[in-house]
Amino acid sequence: MKTKLHIACITFIISFFAQAQQQPKGIIGSSNWMTNWTSFKPAGNDYGEATNIIAGTIDKDTRLVKRNIYHLVGVVYVTNNATLTIEPGTVIRGDDKTCGTLVITNGSKIVAEGLETDPIVFTSENEINNRKPGDWGGIIILGKAPINSLGGIHTLPFDLDPTLNHYGGQDSEDNSGVMKYVRIEYAGRKLSASKELNGLSLAGVGRKTAISHVQISYSNDDSFECYGGDLNLSNLISYRTTDDDFDFTQGAQINISNSIAIRHPFSSDISGSRCFEVDSYEKVASTDMTKKMTKINASNITLVNLEENNQGLVRESAYIKENTFFNLTNSVVSGFAPFILLEGNIGNGEANLSKISFKNVVANNCTGEIESESGSNIPGIKSYYGNPAYGIEYTKMKLNELFAIPNIKGNPDFRLNVNNTIASGN
Numbered sequence: 011m012k013t014k015l016h017i018a019c020i021t022f023i024i025s026f027f028a029q030a031q032q033q034p035k036g037i038i039g040s041s042n043w044m045t046n047w048t049s050f051k052p053a054g055n056d057y058g059e060a061t062n063i064i065a066g067t068i069d070k071d072t073r074l075v076k077r078n079i080y081h082l083v084g085v086v087y088v089t090n091n092a093t094l095t096i097e098p099g100t101v102i103r104g105d106d107k108t109c110g111t112l113v114i115t116n117g118s119k120i121v122a123e124g125l126e127t128d129p130i131v132f133t134s135e136n137e138i139n140n141r142k143p144g145d146w147g148g149i150i151i152l153g154k155a156p157i158n159s160l161g162g163i164h165t166l167p168f169d170l171d172p173t174l175n176h177y178g179g180q181d182s183e184d185n186s187g188v189m190k191y192v193r194i195e196y197a198g199r200k201l202s203a204s205k206e207l208n209g210l211s212l213a214g215v216g217r218k219t220a221i222s223h224v225q226i227s228y229s230n231d232d233s234f235e236c237y238g239g240d241l242n243l244s245n246l247i248s249y250r251t252t253d254d255d256f257d258f259t260q261g262a263q264i265n266i267s268n269s270i271a272i273r274h275p276f277s278s279d280i281s282g283s284r285c286f287e288v289d290s291y292e293k294v295a296s297t298d299m300t301k302k303m304t305k306i307n308a309s310n311i312t313l314v315n316l317e318e319n320n321q322g323l324v325r326e327s328a329y330i331k332e333n334t335f336f337n338l339t340n341s342v343v344s345g346f347a348p349f350i351l352l353e354g355n356i357g358n359g360e361a362n363l364s365k366i367s368f369k370n371v372v373a374n375n376c377t378g379e380i381e382s383e384s385g386s387n388i389p390g391i392k393s394y395y396g397n398p399a400y401g402i403e404y405t406k407m408k409l410n411e412l413f414a415i416p417n418i419k420g421n422p423d424f425r426l427n428v429n430n431t432i433a434s435g436n
């Protein structure tokens, strides 16, 4: 009996480790979840003429319906704990001249729950083939979840009404509503060199807020930016943003999974654009260092540069600053230079590098591995992450070898090609 039990235990352990080593990498799904609700050629979509105007303040529960097409004029605030509900299939077109922007203020909610076959679309007011990044502002959600700024409350630098522009608090469970099967196109107006709206700004947003299946395309700054808060994010798509795809700061506590950034080199900003930019604060002097520092757990992520000839302005896939925690697992990164860049202040010691981990990750066609802004740190960093236990696999494969259908002109499928050895776990 003991012999049989011993054999059974060994078999279980071998099976467990075999499965652990064959965890699927990159975005996953039994079917291609990027079909039906997405659009990779929004410049040519006919959204129809606006029939209704949204402007000013929404201070009571309001419902936007599919039969209308809405023109978002100026900064529209949802206030007074009101809920803005948007029916599946509704189209909201942001005004160019007045920089149409939707702000869900602290305590209010947005319930924008589209369907896979009938998504909600926020897009430019401009007509077919005349749309461009930054045509309108974007969507801002202000919540009551913790941030690490001094005093626990902060404001966004977007010229918003000072009586309504505040976020942060003590409620990690705060609920700002739902965004699901939503597209945000051509947002991200640059107000000035230091004031840049994002496609979706999540400021102090709590974990009861449900955000998944959101595609942001052609943003003129970041696609998704989290200022503090505590969130679980999944099935996000960032496509051809000008700046960063996913930006995290002010002590954000984020789990992000099954999401993809698709970069185009000639859409990138000259200042440097990355898929992930992760920091805990802008200035130490304005940070409460007793509070949590930014911690990002990213799993089943795909980061891909569509240009295979080292052109354009695409740089590293992720830029990580000091005092932050960043864990990337079961993911695929293709076409960046270098794979990862660490801020020079991080150093090359165990205390700092242990905060940044990579497990079961493929770095394909990346020029450079895990690098540092400080050249003196690079030997120690290469030694630390060179351990095979970290499971970073460096490969040289064409996009059509790596992914199922990496063709934006049709219906792309960026799940791993089942015929390659990476996908099979060998």
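The sequence shown runs contiguously to residue 436 in our numbering.
C-beta: ideal position from N, C-alpha, C; glycine also.
Beta-carbon gap between residue i and residue j smaller than 8 Å
i: residue 241; j: residue 151; result: no
i: residue 55; j: residue 81; result: no
i: residue 263; j: residue 305; result: yes
i: residue 334; j: residue 365; result: yes
i: residue 193; j: residue 49; result: yes
i: residue 273; j: residue 314; result: yes
i: residue 329; j: residue 158; result: no
i: residue 214; j: residue 196; result: no
i: residue 209; j: residue 234; result: yes
i: residue 35; j: residue 432; result: yes
i: residue 357; j: residue 317; result: no
i: residue 162; j: residue 104; result: no
i: residue 94; j: residue 120; result: yes
i: residue 176; j: residue 116; result: yes
i: residue 256; j: residue 271; result: yes
Beta-bridge pairing of residue i - partner residues as DSSP gives them
i: residue 284; result: Its beta-bridge partners do not exist; DSSP assigns none.
i: residue 263; result: 240, 305
i: residue 200; result: 206
i: residue 318; result: Paired residues: none, contrary to the question.
i: residue 228; result: According to DSSP, residue 228 bridges with nothing at all.
i: residue 291; result: According to DSSP, residue 291 bridges with nothing at all.
i: residue 62; result: 80
i: residue 415; result: 423
i: residue 234; result: 210, 256
i: residue 373; result: 343, 404
i: residue 164; result: 177
i: residue 352; result: 330, 382
Residue i, buried or exposed, once every other Cβ within 10 Å from all chains shown has been counted against 16
i: residue 327; result: buried
i: residue 303; result: buried
i: residue 24; result: In this predicted model, residue 24 has a pLDDT of only 39, less than 50, meaning its place in the structure is not dependable enough to derive any value.
i: residue 145; result: buried
i: residue 45; result: exposed
i: residue 13; result: Low per-residue confidence applies at residue 13: pLDDT is 49, beneath 50, and the placement is therefore not dependable, though the value from the model is reported in the following sentence. Classification of residue 13: exposed, given that the 10 Å Cβ count is below 16.
i: residue 178; result: buried
i: residue 428; result: exposed
i: residue 295; result: exposed
i: residue 299; result: exposed
i: residue 171; result: exposed
i: residue 51; result: exposed
i: residue 252; result: buried
i: residue 377; result: exposed
i: residue 373; result: buried
i: residue 359; result: exposed
i: residue 425; result: buried
i: residue 361; result: exposed
i: residue 173; result: exposed
i: residue 21; result: For residue 21, the pLDDT reaches just 43, beneath the cut-off of 50, and the residue's location in the model is therefore unreliable, leaving the point undetermined.
i: residue 396; result: exposed
Start and end residues, alpha helix (DSSP H) containing residue i
i: residue 363; result: 360-363
i: residue 391; result: 388-395
i: residue 410; result: 409-412
Limits of the unbroken beta strand (DSSP E) element including residue i
i: residue 134; result: 130-134
i: residue 246; result: 240-249
i: residue 424; result: 423-426
i: residue 189; result: 187-195
i: residue 305; result: 305-315
i: residue 104; result: 101-104
i: residue 148; result: 148-152
i: residue 381; result: 380-382
i: residue 48; result: First-last for residue 48: undefined, no H or E at that position.
i: residue 337; result: 335-344
i: residue 123; result: 119-123
i: residue 300; result: Unbroken run through residue 300: none, as it is neither H nor E.
i: residue 111; result: 111-114
Residue i CB to nearest heavy atom of the ligand ATP below 7 Å
i: residue 290; result: As presented, the structure is devoid of all ligands, the ligand ATP included, so that no description of it is given.
Evaluate contact between the stretch 32-42 and the stretch 214-221, counting only Cβ atoms and requiring at least three cross-stretch pairs below 8 Å.
-> no
Given 8 Å as the limit, is there contact between the stretch 411-418 and the stretch 378-395, that is, 3 or more CB pairs closer than that?
-> no
Indicate whether the contact test is met: 3 or more Cβ pairs, each with one atom in the stretch 227-247 and one in the stretch 256-274, closer than 8 Å.
-> yes
Does the stretch 166-184 touch the stretch 137-144, meaning 3 or more C-beta pairs lie closer than 8 Å?
-> no
At least 3 beta-carbon pairs within less than 8 Å: the stretch 58-76 vs the stretch 85-103 = yes
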